[in-house]
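Chains as they are written, first to last, in numbering that gives the first Met the number 0: chain B, 0 to 433; chain F, 0 to 433.
Cβ coordinates follow ideal geometry from the N, Cα and C atoms, glycine included.
Values in this document were obtained by computation on a predicted structure and should not be read as measured data.
Read the structure below first, then the notes.
2 protein chains.
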Amino acid sequence: MSSSTHDTTQAVETAGGLSRRSLLRGAAAAGLGVAGATGLPGGAAAAAGGVPRSEIEPFYGPRQAGITTRQQSYGLFVAFDVTTTSRDALANLLRQWTSTAEALTRGEPAPARPTRVPGARGDSGIALELFPARLTFTFGFGPRLFDARFGLAEHKPAALDTLPGFPGDQLVAAHSGGDLLVQICADDQQILSHAFLQMRALTVGVAALRWSQQGFISPPTDGKAPRNLLGLHDGTSNPRPAKAEFGDLVWADDAATPSWLRGGTYLVFRKIRLALASWSLTSGAEQDRSVGRRLADGSPLSAAAGAPTRTKLDLAAVGADGRPLIDPAAHVRQMHAFPMFRRAYNYDYGFDSTRLHAGGDEHGDEPGHGGHEAYDAGLLFATFNADPRTQFIPAQQRIASNDLLGKFMTPTASGIYAVPPGLQPGQSLGRGLL
Amino acid sequence: MSSSTHDTTQAVETAGGLSRRSLLRGAAAAGLGVAGATGLPGGAAAAAGGVPRSEIEPFYGPRQAGITTRQQSYGLFVAFDVTTTSRDALANLLRQWTSTAEALTRGEPAPARPTRVPGARGDSGIALELFPARLTFTFGFGPRLFDARFGLAEHKPAALDTLPGFPGDQLVAAHSGGDLLVQICADDQQILSHAFLQMRALTVGVAALRWSQQGFISPPTDGKAPRNLLGLHDGTSNPRPAKAEFGDLVWADDAATPSWLRGGTYLVFRKIRLALASWSLTSGAEQDRSVGRRLADGSPLSAAAGAPTRTKLDLAAVGADGRPLIDPAAHVRQMHAFPMFRRAYNYDYGFDSTRLHAGGDEHGDEPGHGGHEAYDAGLLFATFNADPRTQFIPAQQRIASNDLLGKFMTPTASGIYAVPPGLQPGQSLGRGLL
C-alpha cells in the first residue's frame, strides 16, 4: 500500500468510527479470501484504497451510469413522491443523494448526515467489508414533479407525459408513477439493499417511498442475450452502444428537448407479469411460433436451427407450404419496426400478497385462481428512449393488439421518467432545473 | 472434450430438443466469456460435461446438502401443503422431486415429465447456458404431514411439534407451517427461480404452494461472519462443522429419533422483521450495548476494540465503573447458553403489500405507520437443531423476554420441519417413511 492509499483511508473515517477501506486493507494484508469473496481472480485488479477497479463503475461522466453500463446481475427500481412543498428542501435532497451515491459507488460508507439522535451512525454498516460490486444509480423525474408545486412547469419536456392506457393493462396505481425514480444496480443484492436504505434515509420529511421493485438477470455462459422467465433470450436485437444508431435511439438531444435534459433520455418502466403456467402448457412449437425464434438456441425461424441469434430476420421467407416462416403475429415481426434499447430484469416474488388479501387463495383449493395465478413473476421491463412517443408507445400498442406473445404478458405497473445527463464533480442532480 | 463427455451429452437430450451441455460445450469451444460469467478464474476447474466442479454441490451423501454446505449467496424457502389423499401420489411426487433436484444440481435440464400438452417442454429453458451455481435442495417434513391422511402418525418424531407462541410474535398463518419444505440455495438468483418453478411444476394435483420467502447474504471480504440488515455480524459464534460438538448440536441421532430421521436434523424457520427505522435512530453506543459487540468490527465489548470477533466472551468482566462490560440483557449474553447452528439469509421486500391492502399507507402520509413501518426487511432465520426443544425454543423464549436486541425483532412467520438424512443413488426422498 502506498502513502496515497493511506491518505485516502483517512478521508473516509466517519463519525461512527467506521472505516471501510481500513478494513479492506486489513483483509488484503491478512491475505484473506478477497478473490473468492468477490469472484475476482486473485491478484487481478490494481486498486485504489483496496477496492479493485473492476468493482467500481464511475459515477461522473457525460451520461448517467446504469444505462450503457454492462448490465449488473441485480436491479432495484424505486419511486418516491415529494412531500415537501419547499423547493430548497427538494434541492437539498438531490444534493445529498448525489454525494451519497457518489461515495457508495466508490465503496465508501455514506457521508455523515444530520440526525436527531446524538451518536447515531451515518452509515448502517450493512455493506462494510463488501466491495461495491459495480453499483450504479440512475435518477429520473416523473411528470408530476413538473406541476405547480416547485415552479417547474415551464421546464417540462413535451415527451414526459404519463403513458396512455393500453389494452390488457391491469395497472396498480400504487406501484406506478412517482415524482422521483432511482434505478440502483449492482452485482450483489446486499449492496443494493444497503444503497437503497441509505438513499431512503435522506428522504425523511422531504419525500416518501411510493413503490419499489427488484429483479435479477444472469448473463449466459455463451455470450448471448440473457433469458427471461419464459426461457426466451431477451434483448437479442438490442442496439449496441458502440453502433452509430445507438445515440439516435437513446439520447434526447434535439432542439425541442429542454436544456437541463439534453444529452439525457427517457426511462419507461413496466412491471409485466408473465403467465408462466399458461406458457408451460403451450407446446414448444407454438412457443417458438409466438416469438418467431427457437427457444432452444435463439435462432430466428427464418434461418436454420442453430443459426446465430443475431442472424438478420427474413420476414418475407416462406416455407414449403407457402406460409411465412415467421408468423404474421410473431413477436419479432411486430417489434421489428420499433428499435429501442432495453435493460430489463426478471422478477420472481413468489406470492402476490395483493391477491391473497383480496380474497384469493394460493393454496390451490380454488382451481385456476389460487396456485399458478397467484404466483407473481415476470419482467421488470426498462427501456431508455430518445423519444417514447415514437418508440415505446407505438411498440406497446402493437404488442397489446396483435402480438402472439402479448397474451402471456400483463402489465401491472407503469412509469415514465426524464433521465437527465451525467454530472461532473461539484455538480448535483437537479442541475439546470432547481 | 473426451468421448465420455459426448456420452453424457447424449444422455441429457430431452424431448424438447434442449441440451444444456452441448450448449456449454459450444461456449467453451468458442472461448466465450465463461470465466467472466461465473466469476471463476479462467482455466481453473476441470469439468465434467462443461460444468466446472466448483459449480456443483453433490446431491448424494450421508447428509442432505444445504446444511453444512458453504452458504450460497441466495436462498429460497418454499412450503407446500399436500392436497392429494393418495399416499402413492405423494410418494411419486417425492420421487420426482428427487430425480429433478439431482439433475438440476448437476447443471442438467429437468428430466422429462408427463404433461397433458403434446410437445410441451419438460424444462422451461430459464437456466439453459447457466452453470448450476452450487445449487442445493434441502427437504423437510412439517408436523401436519404426520396426521391421519397418510398413515404416518406412528412415525412422527417427538420433537416435531408446531412451535409454541412466543411473546412478541405477530405470525401470519398463511406464511407459516406447511407439510413439505424445500430450501433451495445457489449463488445465482435465476438458478433459484428456475429450480423452484421446475419443482413446483411437479406438484400439480398433489400439493399446493403455501408460502415462499427469498433472501440473500454476502460474505465479507475479510472472512468474518456476514452482516445482517442491522449491520451486525450474524453467526459469529456459529459452531463449525469441523468441530467435535457440531454433530451433537445438529444431527438427530439418539435412540428416540425414528429410524427414517436418524442422521437428519430439524429445521426451524422464522421470518423476522427488523425495525430498521428504530435501529437507525438508536445511537451507535446503544446499538453496541444491545448486542454486546461493536458493530464496527464485531469485537466483544469485554475485549479491546479491534479484537477478533471469535475472542471468547468474558461475561464477568466489569469496567472502571464497576458495571458489566457486556450488559446483563445484551444479546450475546442471552444466547450464550443456547449454542445452535444457524444458516440465515437477509431479506428485503420493500413494500409489505399486506399492510398496503389492509389500509396502511406507505407513502408516508400517516406518520409512524406508513413509510418506515410498512417497509418489510429483516432476517430469514434458519437453524438446524438436533433437538429444538433444548435449543431454539428456550433461546427464543429468552430473546422474547429479556434481550435488548429482541425489541428490534418481530417474528412474522414460523415453521418447523424434520429434515431426513441424505440419499444414495437409487434412493428417493421419503425413504423409510412412504
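In this structure, DSSP gives L89 of chain B a helical state, which the three-state scheme calls helix. Under the 8 Å Cβ criterion, the segment 244–264 of chain B counts as touching the segment 411–430 of chain B, having at least three qualifying pairs. Listed along the chain, the chain B residues whose CB falls inside 8 Å of the CB of L314 of chain F amount to none; the nearest CB is some 24 Å away.
Under the rule that a run must span 3 or more residues, the beta strand (DSSP E) segments found entirely inside the segment 231–288 of chain F read 264–273. Going by C-alpha positions, T114 of chain B is about 33 Å away from R52 of chain B.
Looking at F:Q95, F:Y346 and F:P156, the one whose alpha-carbon comes closest to that of T256 of chain F is F:P156.
Taking C-alpha positions only, D122 of chain F is separated from A336 of chain F by approximately 48 Å. When the five nearest sequence neighbours on each side are left out, the beta carbons in the same chain lying within less than 6 Å of the beta carbon of R94 of chain F are those of S427, in order along the chain. Among the residues facing chain B, N345 of chain F is included, as its CB has a counterpart in that chain under 8 Å away. In the three-state reduction of the DSSP assignment, V77 of chain F falls in the strand class, which pools E and B.
Each residue's CA atom was taken as its position, placing T411 of chain F and Q189 of chain F some 26 Å apart. Distances from the CA of D253 of chain F to each of F:A385, F:L294, F:A319 and F:S400 were compared; the closest alpha carbon is that of F:A385.
With fewer than 16 other beta carbons inside 10 angstroms of its own, R239 of chain B counts as exposed. Sixteen is the threshold: when 16 or more other Cβ atoms of the shown chains lie within 10 Å of the Cβ of T220 of chain B, as they do, the residue is buried. Segment contact: the segment 88–105 of chain B against the segment 269–280 of chain F, fewer than three CB-CB distances shorter than 8 Å; contact not assigned. Under the three-state reduction of DSSP, P393 of chain B is assigned to helix. When secondary structure is reduced to three states using DSSP, F130 of chain B falls in the coil class, being assigned neither helix nor strand.
Counting along the chain, the unbroken alpha helix (DSSP H) around R332 of chain F starts and ends at H330 to M334. Taking every protein chain shown into account, the CB of P387 of chain F has 16 or more other CB atoms within 10 angstroms, so this residue is buried.
A direct Cα-to-Cα measurement between F149 of chain F and D178 of chain F gives close to 12 Å. Between S85 of chain F and D186 of chain F, the CB-CB gap reaches or exceeds 8 Å.
By the 16-neighbour rule on beta-carbons within 10 angstroms, P299 of chain B is buried. Not flagged as an interface residue toward chain B: A417 of chain F, since no C-beta distance is shorter than 8 Å.
In this structure, the beta-carbon distance from G139 of chain B to L180 of chain B falls below 8 Å. A direct Cα-to-Cα measurement between H174 of chain F and V77 of chain F gives close to 10 Å.
Among the residues of chain F, those whose CB is under 7 Å from the CB of R226 of chain B are G124, I125 and L127, following chain order. With respect to the C-alpha of P117 of chain F, the residue from B:N227, B:A284, B:K406 and B:L312 having the closest C-alpha is B:A284.
Only residues of its own chain outside the window of five on either side were considered, and among them L231, A329, H330, V331 and L404 have a CB closer than 7 Å to the CB of V290 of chain B, listed in chain order. Cβ-Cβ distances below 7 Å link P338 of chain B to P238 and L248 in the same chain, with the five nearest sequence neighbours on each side left out; the list follows chain order.
Residue burial is scored here from C-beta neighbours: T137 of chain F has at least 16 other C-beta atoms within 10 angstroms and is therefore classed as buried. Between P131 of chain F and L159 of chain F a beta carbon distance of about 31 Å is seen, past the 8 Å cut, so the two are scored as non-contacting. Nearest to A111 of chain B by alpha-carbon distance, out of B:D168, B:L201 and B:Q396, is B:L201.
Of the residues assessed, E56 of chain F falls on the buried side of the cut-off, its CB having 16 or more other CB atoms within 10 angstroms. With contacts defined by Cβ atoms closer than 8 Å, S211 of chain B and L228 of chain F do not form a contacting pair. Ranked by Cα distance from P323 of chain B, the options B:L162, B:P307 and B:A302 are led by B:A302. Relative to G425 of chain F, the option among F:F58, F:G49 and F:V50 whose CA is nearest is F:F58.
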